[in-house]
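**Q** Residue numbers (our numbering): 32 to 752.
This is the structure I have questions about; it appears just below.
What follows is the structure, given as structure tokens:
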């Protein structure tokens, strides 16, 4: 959009005489409701036409159609001039009928040998009122018609002073070289009725042609008015069962888009391309396809597979050898009214992904006013999924007051090189608001087996963050500087690594190692400065969070030696008070044995008091002078402490020789039922046959004694070790 100023120079465009008296109103037309055979259909819809004839150079006006015109736009295929309603030219987004605009072929100058240039103008007109103050949009779909050189065409929106017919403002878009496929175009104009009251606003199309040369442009879905408020973060739910697998546009019509990013062989960003409607073309596989036969009962017959852009030849090893990141996603524009916590949920399983290909599910928030930089990027790595279906979720907090106008995307990406397989199967995709409050503590569990240990973003993709403070010395009384927060690295020599081969039976193959930031020069410059490095997960406490939460982990010694020290922690920080510590609970992990052990920290949460504060759980290291500081961690869990109900018999009933004993159980525990026929027979209880491994459920469980024939029998329920 241009900033409008009064024009005092001569212009090639010509102001049209006024026909309207009113104020700016919205206009919208898809041409489906107009009668194609009615010659007055376009004129009755408010469309007007006007003509201007120039010499063959186009520099000198010879005459115009005034005063007979402006006049109603014709729709006469028997005498084609200016415009016609068409049929059969539209795609799915345009419908059956549309509009074609072209030259006034009823003007004899087309055939009199003068080669005079005829400008044919097709337009709507409105009058600007005092209270018209806003940015207005002229939007339309267009594709190439039969226009051929030297004919030209353009769309326009213009402001005219009716006092003298002068052109105040003219915004144009060249339509001469349109593609043969439909696309949407838009012109915008800022109107201020305080200055423009009484001026005329015209929007429409014009072309210049001579000598009966073809000049047609196909148009549809024309609208003018205030841009509609974006719908905001609308819910989305798709199981893919109703999409037509054979329809190449099925995913694009459902709102899925794709975008590609290219990286050179050294990992440097080259460029991006898109967005485009998501393809569904098995004949030229790229980005996405609707699948069939991959689902279990919860997934149904059809689903979605996301993979690399195999139509991109830049990834060929013998050529540019680029790595291509292919994103397939839904997109929403955040509005002021969007506020709360949103959840992206999906089912997923491993597809044919192989080699060095990687895959992720994500929520992104991008700022279009800052070069589409990432405000938020939350992911789940999906390249190491099992072959069985599972359900996964990503949540994000959205404050529309701060993020209005930014773009939220949720979807999936695949990164490939040299056409390696990269498919991951997805289904039952949902995006919805789950809370009207920001924040809310979430349970977290990670055994690191599903992370890609070779990926530099393995830990950051899982939400790990780092922060460091440098002190003058080991007393930690004087801070030199801080740095962070940054995403947690993997394999760089600073802060953190995903390890392999260090676990015991309960830890598996992969784990987490934290240590000092050895990339910091203060380790080696002889300053004796102490580096405190933090590797952690962070969550925002919500108003409904309450109870006791536990941070549990396995740990053992790494290479930590000398004066280095380490600890695990839960911190609560108050952003409103300069991120001061509200709570700091720790377990010292400096002098752990070489064998694995399990440790935990608990914290009491009162959401009403702590709403908006940050809870961090993770690991801290103090080290200086390049001394080793690594500690190994695994099986990290964070969640609410569930208090086991007290073991108690709550009911005994007897029917014939069967006694049923109801007791309160603990989930995950097992129990034995013991009985005695001796009154006050402490110590004489014996196990009841078949009742020595009764599983607990967390609720009431019934144990049965089918040999209860005695007149008196006492029972005890015992929790098994």
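All C-beta atoms in this analysis are idealised placements derived from N, C-alpha and C, irrespective of residue type, glycine included.
These numbers were taken from a predicted model, which means no experiment stands behind them.
(1) Can you name the start and end residues of the alpha helix (DSSP H) that residue 227 belongs to?
(2) Since residue 470 and residue 428 are thought to touch, with beta carbons under 8 Å apart, how far apart are those beta carbons, to the nearest angstrom?
(3) Residue 285 and residue 269 look like a contact to me (Cβ under 8 Å); what is the Cβ gap, rounded to whole Å?
(4) Would you report the Cα separation of residue 172 and residue 334, rounded to the nearest angstrom?
(5) For the beta strand (DSSP E) that residue 378 lies in, which residues bound it at each end?
(6) In angstroms with no decimal places, state the Cα-to-Cα distance between residue 45 and residue 218.
(7) Where does residue 372 land, buried or exposed, given buried means 16+ other C-beta within 10 angstroms?
(8) Give a yes or no on whether the minimum CB-CB distance between residue 203 and chain D is below 9 Å.
(9) Buried or exposed: which applies to residue 727, given that a residue is buried once 16 or more other Cβ atoms fall within 10 Å of its Cβ?
(10) Bridge partners for residue 685 per DSSP, in chain order?
(11) Let's see if you can read the secondary structure: which residues bound the alpha helix (DSSP H) around residue 118?
(12) At 4 residues or longer, what runs of the alpha helix (DSSP H) sit wholly inside the stretch 257 to 314?
(13) Give every residue of the same chain whose Cβ lies closer than 8 Å to the Cβ of residue 319, excluding the five residues on either side of it in the sequence, and list them in chain order.
(14) Enumerate in chain order the residues of its own chain whose CB-to-CB distance from residue 353 is below 8 Å, with the five nearest sequence positions on each side excluded.
(15) Tell me which residue opens and which closes the alpha helix (DSSP H) that residue 492 is part of.
(16) Under a three-way DSSP split, which group does residue 207 fall into?
(17) To the nearest angstrom, how far is the alpha carbon of residue 715 from that of residue 707?
(18) With DSSP run on the structure shown, which of helix, strand or coil describes residue 75?
(19) Please return the same chain residues whose Cβ sits closer than 8 Å to the Cβ of residue 87, not counting the five positions on each side in sequence.
(20) Taking DSSP as the reference, what is the three-state secondary structure of residue 52?
(21) Let's see if you can read the secondary structure: which residues bound the beta strand (DSSP E) around residue 515?
(22) So for residue 540, helix, strand or coil by DSSP?
(23) Quick check on DSSP: helix, strand or coil for residue 346?
(24) Starting from residue 411, follow its DSSP beta bridges and name the residues at the other end.
(25) Please classify residue 600 as buried or exposed, where buried requires at least 16 other C-beta atoms within 10 Å of its C-beta.
(26) Who are the Cβ neighbours of residue 317 in its own chain at under 7 Å, not counting the five residues just before and after it?
(27) Cα separation between residue 479 and residue 665?
(28) Could you give the residue range of the alpha helix (DSSP H) that holds residue 640?
(29) Beta carbon of residue 130, beta carbon of residue 108: below 9 Å?
(30) Per the DSSP calculation, residue 555 is bridged to which residue(s)?
(31) Just curious, the alpha helix (DSSP H) that residue 122 is in, first and last residue?
(32) Taking residue 607 as the reference, give the member of 635, 432, 571 with the closest Cα.
(33) Mind checking which residues open and close the alpha helix (DSSP H) that includes residue 459?
(34) Once you ignore the five residues that flank residue 611 on each side, which residues in its own chain have a CB closer than 8 Å to its CB?
(35) With a threshold of 8 Å, are at least 3 pairs of Cβ atoms found where one atom belongs to the stretch 546 to 556 and the other to the stretch 567 to 582?
(36) How many Å lie between residue 692 and residue 724 at the Cα?
**A** Straight from the coordinates:
(1) 224 to 227
(2) 6 Å
(3) 7 Å
(4) 31 Å
(5) 370 to 381
(6) Any reading at residue 45 must be qualified, since the residue scores a pLDDT of 40, below 50, and its modelled position is unreliable; no value is offered.
(7) buried
(8) Chain labels in this structure do not include chain D; a single protein chain is all it has.
(9) buried
(10) 690
(11) Careful: residue 118 lies outside any alpha helix (DSSP H), inside the beta strand (DSSP E) at 114 to 118.
(12) 281 to 284
(13) 282, 287, 289, 309, 310, 311, 335, 336, 337, 338, 359
(14) 293, 294, 295, 296, 301, 343, 345, 346, 448
(15) 489 to 492
(16) coil
(17) 6 Å
(18) helix
(19) 145, 146, 147, 148, 241
(20) Unreliable placement is indicated for residue 52, whose pLDDT of 43 sits below 50; the coordinate value is still reported in the next sentence. Three-state DSSP puts residue 52 in coil, outside helix and strand.
(21) 510 to 518
(22) coil
(23) helix
(24) 392
(25) buried
(26) 310, 340, 341, 342
(27) 7 Å
(28) 638 to 641
(29) no
(30) Partner(s): none; residue 555 has no beta bridge.
(31) First-last for residue 122: undefined, no H or E at that position.
(32) 571
(33) Run containing residue 459: none in the alpha helix (DSSP H); it sits in the beta strand (DSSP E), 455 to 466.
(34) 604, 605
(35) no
(36) 15 Å
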